[in-house]
Amino acid sequence: MHLEEFSEGNSFLHRADPRVKILIFAIFSVLCAVASGIKTPTLFLLYSFILLLIARLKIKSLIARLLIANFFIAFIWFFIPLTYPGNSYVTLGSMKISHEGLRYALSITIKCNAIIIATITLLSTSSIFSIAHAMLHLRVPKKLVTIFFLFYRYITVIHEEYLKIKKAIALRGFVPKTNLNTYKTYAYIVGGMLIKSYERAEEIYKAMLCRGFKGYFPLFEHFYIRKSDIIFGVISISIFILIGVKS
Amino acid sequence: MHISEGVLSAPVLLTGAFLSLVGLAIGLKNMKNEDIPKVAVLSSAFFVASLIHVPIGPTSAHLVLNGLVGMILGLGAFPSIFVALILQALLFQFGGLTTLGVNTFAMAMPAVLCYYLFRGILRRSKNTAFLGGFLGGGLSLLIAAILISIALIETEKSFISIAGTLLAMHLPVAVIEGIITGFVVVYLKKVKPEALG
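Residue numbers (this note's numbering), protein chains in the order written: chain A, 1 to 247; chain B, 248 to 444.
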């Protein structure tokens, strides 16, 4: 499975310290999520666009990603303008489209895309393992980070097991349909995967015990914060404060 | 199913984050060191399972299996579902990081609830195990959908039509989740009974 599509690259954002990026993202996403109206979210979206210019990602995969992420938003556009309470309406045939509803849907759309672009440019430009590593530095509980690390590590392994089982049932002529036999077959696939993972986990634990596991992995490499990281952080936070004051 | 970024209001996001933090804290506290790899690798399996699409009539739906997560991991469902949702948000921008609290609680709370509700039936015999799995699997998904709907309606009253549509869409999926969970539970009971927490 090719999962970390956006982590390959050598822009400034790819090289920046993940700890700084996580902190900036945390502040940005909270401020943007609680913003209301059109103006403030638009300013946040502009900030995200600047990050996008810096990160220089593959446009094709980026657009594909944004389209999927906006699926839920499409839902909102479909419903909200018709049902939102408000005084001014535009009538379109027998439908009443509320101005307030349109504004509300637009606000959500801008906020959603601003945060998603920030997620891609700030977080997806680091590998998952660097993010996990940075989480340890940011005092996320060690047990949780260890689970996250092993969880991610073994997805590809279990996925290979899944592909093997899938091949095996295809060889036996399985064609999925809407019937009980299909569901039973899928249940056995899942069951098989669970048992394999269960046994695998026992082996992993024994191997880890042999290497002196005490509930967490000690840090081997360390991050070194550079001047450019600090400048990036200071500029970003000043922009957020400006956006906050202006609106 | 998962709510995207930018949709929910601040009080709803905060409530979700708080409830999930409590769940996570309890889940992690009760977890022994030897359980860490088990929770992690089984989470990987559930993550892969959620990529499986099962046919329902003319369309298909992907498996969620949050009920099954609860039945196997118990309180470990909170950390398990949490790491899966973080990864989805980071890799696929499914759901979101600001909505992580709401989405985690909506999926993990019913999982833990069903674990305690159906633990007894699961242990009794093979036939009751299927029933327990069916009810647990189906209910977990339904309660999750209800919690998501509550989050939407609490944010904005006119989301009620969206919430209703979401719930209606999840009804057939819940039945199929129930059937599959039931079969998985019976299978595990036969092949590896110690896996059922």
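Backbone N, C-alpha and C fix where the C-beta goes; we use that ideal spot for every residue, glycine too. Because the structure is a prediction, the values reported are computed rather than measured.
Query raised in the report: At a cut of 8 Å, does the region 275-290 of chain B reach the region 145-152 of chain A through at least three beta carbon pairs?
Result: yes
Query raised in the report: Can you find a CB in chain D that lies within less than 7 Å of the CB of Cys-112/A?
Result: The structure shown contains no chain D; its protein chains are A and B.
Query raised in the report: In angstroms, rounded to a whole number, what distance separates the CA positions of Phe-381/B and Leu-51/A?
Result: 47 Å
Query - Local Cβ density within 10 Å of His-133/A, reported as buried at 16 or more and exposed below that - result: buried
Query raised in the report: Within 10 angstroms of its Cβ, does Asn-113/A collect 16 or more other Cβ (buried), or is it exposed?
Result: buried
**Report entry** Counterpart residues of Lys-96/A in DSSP-defined beta bridges
**Finding:** Thr-91/A
Query - Ser-327/B - containing alpha helix (DSSP H), residue span - result: 324-339
Requested in this report: Tell me, please, which residues DSSP counts as bridged to Lys-300/B.
Outcome: Correcting the residue type first, residue 300/B is His in the shown sequence and not Lys. Looking at the DSSP assignment, His-300/B forms a beta bridge with His-309/B.
Report task. Could you tell me whether any Cβ in chain B is nearer than 7 Å to the Cβ of His-133/A? Result -> No, His-133/A does not count as interfacial toward chain B.
Query raised in the report: For the alpha helix (DSSP H) that contains Phe-248/A, what are its first and last residues?
Result: This structure leaves residue 248/A out entirely; chain A is present only between 1 and 247.
**Report entry** Cut-off 7 Å between Cβ atoms - residues of its own chain near Arg-262/B, not counting five sequence neighbours on either side
**Finding:** Reading off the sequence, residue 262/B comes out as Thr, not Arg. Correct list: empty, nothing qualifies.
Requested in this report: Would you kindly check if the distance between the Cβ of Leu-123/A and the Cβ of Phe-232/A is under 7 Å?
Outcome: no
Report task. Please confirm if the region 208-220 of chain A is in contact with the region 330-346 of chain B, defined as three or more CB-CB distances below 8 Å between the two stretches. Result -> These segments do not touch.
Report task. With Arg-371/B as the anchor, note down where its alpha helix (DSSP H) starts and where it stops. Result -> 347-371 is the extent of the alpha helix (DSSP H) around Arg-371/B.
Query raised in the report: Where does Pro-258/B land, buried or exposed, given buried means 16+ other C-beta within 10 angstroms?
Result: Under this definition Pro-258/B is an exposed residue.
Requested in this report: Can you pull the chain A residues whose beta carbon is under 8 Å from the beta carbon of Ala-448/B, in chain order?
Outcome: Here chain B covers residues 248 to 444 and nothing more, so residue 448/B does not appear.
**Report entry** Exposure label - Ala-64/A; buried when at least 16 CB within 10 Å
**Finding:** With fewer than 16 other Cβ atoms within 10 Å, it is exposed.
Query raised in the report: Can you find at least 3 beta carbon pairs, one from the region 137-144 of chain A and one from the region 177-187 of chain A, that sit closer than 8 Å?
Result: Between the region 137-144 of chain A and the region 177-187 of chain A there are fewer than three C-beta pairs closer than 8 Å, too few to call the two in contact.
**Report entry** Residues near Ala-324/B by beta carbon distance below 6 Å, same chain, minus five either side
**Finding:** Val-316, Gly-317, Ala-355, Ala-358 and Val-359
**Report entry** C-beta neighbour in chain B for Leu-138/A, strict 7 Å
**Finding:** Leu-138/A does not count as touching chain B.
Query raised in the report: Does DSSP classify Lys-164/A as helix, strand or coil?
Result: Looking at Lys-164/A - three-state DSSP - the assignment turns out to be helix.
Query raised in the report: What's the call for Met-278/B, buried or exposed, on a 16-neighbour Cβ count within 10 Å?
Result: Counting the other Cβ atoms within 10 Å of the Cβ of Met-278/B gives 16 or more, which makes it buried.
Query - Backbone CA spacing between Ile-108/A and Tyr-363/B [nearest angstrom] - result: 38 Å
Report task. State the start and end residues of the unbroken alpha helix (DSSP H) segment that holds Leu-122/A. Result -> Counting along the chain, no alpha helix (DSSP H) covers Leu-122/A, and no H or E run does either.
Report task. Could you name the residues of the same chain whose beta carbon sits closer than 8 Å to that of Phe-293/B, not counting the 5 residues immediately before and after it, in chain order? Result -> Leu-312, Leu-315, Val-316, Ser-327 and Ala-331
Query raised in the report: Out of curiosity, what's the CA-to-CA distance linking Gly-411/B and Glu-403/B?
Result: 14 Å
**Report entry** Minimum Cβ-Cβ distance from Ser-267/B to chain A less than 7 Å
**Finding:** With 7 Å as the cut-off, Ser-267/B does not count as an interface residue toward chain A.
Requested in this report: Measure the Cβ-Cβ separation of His-249/B and Asn-374/B and say whether it is below 7 Å.
Outcome: Not a contact, by the Cβ cut-off of 7 Å.
Report task. Determine the DSSP secondary structure at Arg-153/A, reduced to helix, strand or coil. Result -> Of the three classes helix, strand and coil, the one that applies to Arg-153/A here is helix, per DSSP.
Report task. Please state whether DSSP places His-2/A in a helix, a strand or coil. Result -> coil
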